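**Student:** If you scroll down you'll find the structure; I have some questions about it.
Number of protein chains: 4
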Amino acid sequence: MPTDAHEACFEAGIKFGTLYHQFAGTPVSPASARSLETAMAEAIENQPHCVAVDVDILDDVLAETLAAQSADYTELTGRFMEVRMRVEYEGITVHTEMEMEGDYPLMKLVSVDE
Amino acid sequence: MPTDAHEACFEAGIKFGTLYHQFAGTPVSPASARSLETAMAEAIENQPHCVAVDVDILDDVLAETLAAQSADYTELTGRFMEVRMRVEYEGITVHTEMEMEGDYPLMKLVSVDE
Amino acid sequence: MPTDAHEACFEAGIKFGTLYHQFAGTPVSPASARSLETAMAEAIENQPHCVAVDVDILDDVLAETLAAQSADYTELTGRFMEVRMRVEYEGITVHTEMEMEGDYPLMKLVSVDE
Amino acid sequence: MPTDAHEACFEAGIKFGTLYHQFAGTPVSPASARSLETAMAEAIENQPHCVAVDVDILDDVLAETLAAQSADYTELTGRFMEVRMRVEYEGITVHTEMEMEGDYPLMKLVSVDE
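Now the structure itself:
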């Protein structure tokens, strides 16, 4: 039988997959980055057991990308953001985060605390 | 050969398909509706020739749906929103909007003006 | 420190969030249901540690919905599908599934085996 | 008042925005490219007035990208595909296509014929 800690980790994973694949591909620019960060966090915080979500769209990486291309916006993808989340399930607290690990946006389980 | 008016209408359609299918499925509640409206509008305004986007998430329809179900949020779909957009392309102005027409979220070309 | 079982459950959750929010909103009809099932399963099986994905689009529920509306297709959402997945991580096997629980598409951790 | 040709171009644009933003971000590899092409085409062909959709996922571009990175899959984006569509509306036939134009996935109106 899955334990409460297993369930808490499963729930934390759902939130990360949701956040990434709901919003990947969204047109984003420096001017729209702040409203997108807020909407992403508030949307995912609606999901069960999701207590806090923090999304940082990385202005410097975005600026670098825009400087090297013709269009003045791009599509949101993992290399433009860092995310931290806290999930609480039956007294278990799970912290997760996403950062680039080389060329891959790695979703990581940071801690699982009872 | 497509005319400028044809191109303007094509561009207006792209924006509507983008808005709908990028954000359909987003977890939404009364508490997160305002930030989602803003992020949707600002995201689509990044796209070429898109001058103004206005998204209204319909609080009353949302409240009715939430009252009739177990969860306290739902997924964004056409019946929870009305959208108006203005696209300008080579001097042509196109107004479009989306509203429910019976049970179908109809995207409509309102006017094409030179 | 998270254990291998915690990581396995987190990975399983990511796959479910991805599957749901990547494909929710896709136009679907009886004629296109089979190709969508296959594409969803094969797309998610690309993700790390994801060994098997089975997606069933529920023809009877789809038919019922289409009979009651004007359009001859609808948007994919949780009530039109059942999903089963198997994730393997460092010798841990996790089985998950999604089914409607009343009006909510519940993603469930079925078993975690070492 | 919008003409039938305007409406046909607007409809053609909607299909392109839908296709791109519904499927951008999907995990894709050489092994899953064929099923994704089929599902994308059949999904969009469900939409009103959309007669034919052809999606080519570019195996060579995909292979090049995978050779240069650590993961053995990537996320679908414009540079991995070419798309052609035919929309028919009240006797007007519109052909559209998407190809990379430098670094930008350009959606183009190819012809509008009465």
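Chains as they are written, first to last, in the numbering used here: chain A, 1 to 114; chain B, 1001 to 1114; chain C, 2001 to 2114; chain D, 3001 to 3114.
Just so it is clear, CB atoms sit at the ideal spot from N, CA and C, and this is done for glycine as well.
Model, not experiment: these values are computed from the prediction.
Give the DSSP-derived three-state secondary structure of D/L3062 in the structure shown.
**Tutor:** Look at D/L3062 here: in three-state DSSP terms it is helix.
**Student:** Closest to A/F23 by C-alpha separation, out of A/T65, A/P2, A/T93, A/M40, would be which residue?
**Tutor:** A/M40
**Student:** Check whether the Cβ atoms of C/G2102 and A/G13 sit closer than 9 Å, and answer yes or no.
**Tutor:** no
**Student:** Between C/D2054 and the ligand NAP, is there a pair consisting of the residue's CB and a ligand heavy atom that are separated by less than 8 Å?
**Tutor:** In the structure shown, the ligand NAP is absent, as is every other ligand, since no ligand is present at all.
**Student:** Could you check how far apart the C-beta atoms of C/S2081 and C/D2059 are, in whole angstroms? I think they sit under 8 Å.
**Tutor:** This sequence places Met at residue 2081 of chain C; Ser is not what is there. Not quite, the Cβ-Cβ distance comes to about 11 Å (not below 8 Å), so this is no contact.
**Student:** Which runs of the alpha helix (DSSP H), 4 residues or longer, sit entirely within the stretch 1007–1074 of chain B?
**Tutor:** 1030–1045, 1059–1067
**Student:** With a threshold of 9 Å between beta-carbons, can A/P30 be considered close to chain C, or not?
**Tutor:** no
**Student:** Taking contact to mean 3 or more Cβ pairs, one atom from each stretch, closer than 8 Å, check whether the stretch 2020–2039 of chain C and the stretch 30–50 of chain A are in contact.
**Tutor:** No, the stretch 2020–2039 of chain C does not touch the stretch 30–50 of chain A.
**Student:** From what residue to what residue does the beta strand (DSSP E) around A/T96 run?
**Tutor:** 92–101
**Student:** So which residues of chain A does C/M2107 contact, with C-beta pairs closer than 9 Å?
**Tutor:** Going along chain A in sequence order, the residues near C/M2107 (Cβ under 9 Å) are F10, E11, I14.
**Student:** Among C/G2078, C/M2107, C/E2007, C/E2045, which has the Cα closest to the Cα of C/V2028?
**Tutor:** C/G2078
**Student:** To the nearest angstrom, report how far apart D/T3093 and A/V61 are at their CA atoms.
**Tutor:** 42 Å
**Student:** Under a Cβ-count criterion, where at least 16 other Cβ atoms within 10 Å of its own Cβ denotes burial, should A/M1 be classed as buried or exposed?
**Tutor:** exposed
**Student:** Determine which residues share a DSSP beta bridge with B/P1105 and list them.
**Tutor:** B/M1100
**Student:** What does A/A5 touch in chain C if you count any residue whose Cβ is under 7 Å from its own?
**Tutor:** H2006
**Student:** Measuring only the C-alpha atoms, how far is D/M3085 from D/E3097?
**Tutor:** 6 Å
**Student:** Which residues in chain A sit within 7 Å of B/T1026, going by Cβ to Cβ distance?
**Tutor:** Q22, A43
**Student:** For the stretch 2060–2074 of chain C, which residues have a beta carbon sitting closer than 7 Å to at least one beta carbon of chain B?
**Tutor:** Q2069, S2070, A2071
**Student:** Of the residues C/A2071, C/G2025, C/I2044, which one's Cα is nearest the Cα of D/L3076?
**Tutor:** C/I2044
**Student:** For the putative contact between D/L3109 and B/E1042, defined by C-beta atoms under 8 Å, what is the C-beta separation to the nearest angstrom?
**Tutor:** No, D/L3109 and B/E1042 are not in contact; Cβ-Cβ is about 26 Å, not under 8 Å.
**Student:** Mind checking if D/A3052 is an interface residue toward chain C, Cβ cutoff 9 Å exclusive?
**Tutor:** Closer than 9 Å: no.
**Student:** Take D/P3105 and list the residues in its own chain whose beta-carbon comes closer than 7 Å to its own, dropping the five residues that flank it on each side.
**Tutor:** Result list for D/P3105: G3078, R3079, M3098, in chain order.
**Student:** Using a Cβ cut-off of 9 Å (strictly closer), state whether B/P975 contacts chain A.
**Tutor:** Lying before the first or after the last residue shown, residue 975 of chain B is absent from chain B, which here runs from 1001 to 1114.
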